[in-house]
Amino acid sequence: EKKPETREFQAEVKQVLDIVVHSLYTDREVFIRELVSNASDALEKLRHLQLTEKNVFDDSLEPEINVTTDEEAGTITIQDFGIGMNEAELVENLGTIAHSGSKAFLKAIKEGGSKNENLIGQFGVGFYSAFMVADEVLVYTHSWKPDEKGYCWKSDGSGVYEIEEADGQRRGAKIVVKLKEDQKEFSKSDRVKSVLENYSAFVPFPLNLNGEKINTVGALWLKSASEVTEEEYKEFYKFQANAFDEPRFWLHFSADAPLEINSLLFAPQQNMEQFGIGRMEPGVSLYCRKVLIDRHPEGLLPEWMRFVRGVVDSADLPLNISRESMQDSSIVRKLSKVLTRRFLKMLGEKDKKDPDAFRDFYQNFSQYLKEGVVSDASNRESIAKLLRYESSRTEAGKITSLADYVTRMSADQKDIYYLFGSSRQSIASGPYLEAFESRGLEVLFVTDPIDEFVMSHLGEFDGKKLVSADRQDVELPDAPESEGEALSQEEGDELSKWVKEKLGERVNDVVISKRLTESPAVVLNSDASMTPQMRRMMKAMNQ
Ligand code: ADP
Ligand code: MG
Numbered sequence: 001e002k003k004p005e006t007r008e009f010q011a012e013v014k015q016v017l018d019i020v021v022h023s024l025y026t027d028r029e030v031f032i033r034e035l036v037s038n039a040s041d042a043l044e045k046l047r048h049l050q051l052t053e054k055n056v057f058d059d060s061l062e063p064e065i066n067v068t069t070d071e072e073a074g075t076i077t078i079q080d081f082g083i084g085m086n087e088a089e090l091v092e093n094l095g096t097i098a099h100s101g102s103k104a105f106l107k108a109i110k111e112g113g114s115k116n117e118n119l120i121g122q123f124g125v126g127f128y129s130a131f132m133v134a135d136e137v138l139v140y141t142h143s144w145k146p147d148e149k150g151y152c153w154k155s156d157g158s159g160v161y162e163i164e165e166a167d168g169q170r171r172g173a174k175i176v177v178k179l180k181e182d183q184k185e186f187s188k189s190d191r192v193k194s195v196l197e198n199y200s201a202f203v204p205f206p207l208n209l210n211g212e213k214i215n216t217v218g219a220l221w222l223k224s225a226s227e228v229t230e231e232e233y234k235e236f237y238k239f240q241a242n243a244f245d246e247p248r249f250w251l252h253f254s255a256d257a258p259l260e261i262n263s264l265l266f267a268p269q270q271n272m273e274q275f276g277i278g279r280m281e282p283g284v285s286l287y288c289r290k291v292l293i294d295r296h297p298e299g300l301l302p303e304w305m306r307f308v309r310g311v312v313d314s315a316d317l318p319l320n321i322s323r324e325s326m327q328d329s330s331i332v333r334k335l336s337k338v339l340t341r342r343f344l345k346m347l348g349e350k351d352k353k354d355p356d357a358f359r360d361f362y363q364n365f366s367q368y369l370k371e372g373v374v375s376d377a378s379n380r381e382s383i384a385k386l387l388r389y390e391s392s393r394t395e396a397g398k399i400t401s402l403a404d405y406v407t408r409m410s411a412d413q414k415d416i417y418y419l420f421g422s423s424r425q426s427i428a429s430g431p432y433l434e435a436f437e438s439r440g441l442e443v444l445f446v447t448d449p450i451d452e453f454v455m456s457h458l459g460e461f462d463g464k465k466l467v468s469a470d471r472q473d474v475e476l477p478d479a480p481e482s483e484g485e486a487l488s489q490e491e492g493d494e495l496s497k498w499v500k501e502k503l504g505e506r507v508n509d510v511v512i513s514k515r516l517t518e519s520p521a522v523v524l525n526s527d528a529s530m531t532p533q534m535r536r537m538m539k540a541m542n543q
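Read in my numbering, the sequence shown has 396 at position 396, and its numbers run on one by one without any break.
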């Protein structure tokens, strides 16, 4: 028999625990949701494993989650018959911060700014949330691997935890939460029942509270859209994405041929990358006949769609598909194509039905669409339909689509014009615009650095070239006659010669042109392959 071993939490975990324990966050009941979601994950993993593993410890156990409350003892216990943990996994999973939720939380805390309490509510801190209500947390567990021992992990959430061998454990994990004096409400059956009913309706395994079944198990994505209420979609999103916001839009899409697909895709309220937590993991989970294959599959959808949450289930997938083989699978490629196209279509329809909601989405998520135009050649044109810009014809703050721009083009306008600048103001007050305004040509105002790349990758829209209005070779119709006296040919030649002498090597050429109507002179870009902004960016990147 080994003695109990005391270990220190990783420094980052200590930080998280310190915030969690001392926070005044009021929605403490979320710890139940976190523990149930972990139990559900552990059962999903087991279900997948059982497809290939013959030798599983306690193999006859039914997949279920049992919550029990004990008012007298002041405890709440969450038990699952999932994959469990061995000693090394206890150390890795509960003693370090290798997993997603708390990592994001900590990073956001370090970024500073927001109040810590709010951040707990925005991220959830996973397993550690139990310490919001606990004097002590005990984890009894046995791994699915038959040759492992059982263990008891325990901690009071200060700086250390203890691991001890424990005989007689069933497969899975049993989390015993010894409640703080002022949190004893969570040892009351009625209180816990209302929390479970709120948060855990979509747990895909039987969930019992003190022996009474709480949920109706059903995969929402397999139902037909007419059977599902708005409330159910919202709750499902929160459960599935472990999210604390509400979804903005969703797409419930099913098909039988050529592929069987049942999917539910969500656009979230919050853009998590705005918190500076770095790149998000893909958020659409891959299922085959309700069996979870991969929670965060890389390569299922294009990378720019990583903000999308949800579920894709296809009975046509091979169950043993691995992360590595995913991108090589022609079925996955087909799934990806269909879903991306449908999702983009849904966004376009949203804009038609509720332009305000779409605009708000666009303001928060346009970076992904723009990334898509640059990186996803096969969907470039469809994504471009969703791009929106201010223009010389919109009011400040109002945006227009490229398609709408095209409808405003006169019969003899061939190209779509845009101007890059740091703001609407700086573009509007610069010398480039007047040449276009005076000829009645609309110019898009492009202010996001990535837009330079968007424009050059896109190249054209609806058969019309996208042309930067500061290009030297823009062909413009004659300007309306301006007042005042023009220079004679001779005077003009003399003036341009003089200017060229003064500017020397800094310019290619100085010419007299009819482009301008008010300003005396303008610097134009003669390099067709690179704009001044790109050159500036390259310089900044030291190239
Ligand atoms: P997350 O669920 O985002 O990974 P958590 O803090 O909720 O983060 O959980 C940390 C890790 O601990 C999980 O990734 C999992 O490996 C492990 N874990 C937690 N609860 C259980 C459980 N009931 N059974 C097996 N493993 C668990
Ligand atoms: Mg979790």
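All C-beta atoms, glycine included, are put in the ideal place defined by N, C-alpha and C.
Check                                                                                                                : Outcome
Distance CB(residue 193)-CB(residue 75) smaller than 8 Å                                                             : no
Where residue 215 falls, given that 16 or more other Cβ within 10 Å makes a residue buried                           : buried
Run of the alpha helix (DSSP H) containing residue 234, from where it starts to where it stops                       : 230-241
Contact under 8 Å by Cβ, residue 420 with residue 468                                                                : yes
Touch test, the segment 275-294 against the segment 125-134, Cβ-Cβ under 8 Å, three pairs minimum                    : no
Helix, strand or coil at residue 89 [DSSP, three-state]                                                              : helix
Burial state of residue 630, where buried means 16 or more other Cβ atoms lie within 10 Å                            : Nothing in the structure corresponds to residue 630, since the chain is present only between 1 and 543.
Meets three-Cβ-pair contact criterion under 8 Å: the segment 49-65 and the segment 135-155                           : yes
For residue 432, the three-state DSSP class (helix, strand or coil)                                                  : coil
Chain B within 8 Å of residue 64, Cβ atoms only                                                                      : Absent from the structure is chain B; it holds one protein chain and no more.
Residue 393 versus residue 348 - alpha carbon distance                                                               : 22 Å
Three-way DSSP call (helix, strand, coil) for residue 134 in this model                                              : strand
Cβ contact check for the segment 149-161 and the segment 180-194: 3 or more pairs under 8 Å                          : no
Own chain residues within Cβ distance below 6 Å of residue 210, not counting five before or after                    : 68, 189
Residue 389: first and last residue of the uninterrupted beta strand (DSSP E) it sits in                             : 388-391
Range covered by the alpha helix (DSSP H) that runs through residue 416                                              : No alpha helix (DSSP H) holds residue 416; the beta strand (DSSP E) holding it covers 416-420.
Nearest residue (CA-CA) to residue 169, options 142, 275, 406                                                        : 142
Own chain partners of residue 227 with C-beta closer than 6 Å, once the 5 adjacent residues on each side are dropped : none
According to DSSP, residues forming a beta bridge with residue 262                                                   : 254, 313
Endpoints, the alpha helix (DSSP H) within which residue 360 is located                                              : 355-375
Helix, strand or coil at residue 190 [DSSP, three-state]                                                             : helix
Own chain residues within Cβ distance below 6 Å of residue 471, not counting five before or after                    : 525
Closer than 7 Å: residue 55 CB and nearest the ligand MG heavy atom                                                  : no
Which listed residue (514, 205, 334, 133) has its alpha carbon closest to that of residue 474                        : 514
Residue 353 versus residue 28: straight-line alpha-carbon distance, rounded                                          : 38 Å
Top-ranked residue by Cα proximity to residue 446, from 17, 225, 424                                                 : 424
Which of helix, strand or coil DSSP assigns to residue 142                                                           : strand
Reduced DSSP secondary structure (H/G/I, E/B, other) of residue 281                                                  : coil
Cβ-heavy atom distance, residue 364 to the ligand MG, below 7 Å                                                      : no
Nearest neighbour of residue 204, chosen from 462, 96, 11, 44 [CA to CA]                                             : 44
Any non-hydrogen atom of the ligand ADP within 7 Å of residue 232 CB                                                 : no
Beta-carbon proximity of residue 30 to residue 159, cut-off 8 Å                                                      : no
Cα-Cα separation, residue 519 to residue 432                                                                         : 9 Å
Near the ligand ADP: residue 399 beta-carbon under 7 Å from a heavy atom                                             : no
Other residues of its chain near residue 408: CB distance less than 8 Å, five sequence neighbours each side excluded : 393, 442
Contact set for residue 358: own chain, Cβ-Cβ below 8 Å, skip 5 residues either direction                            : 347, 350, 351
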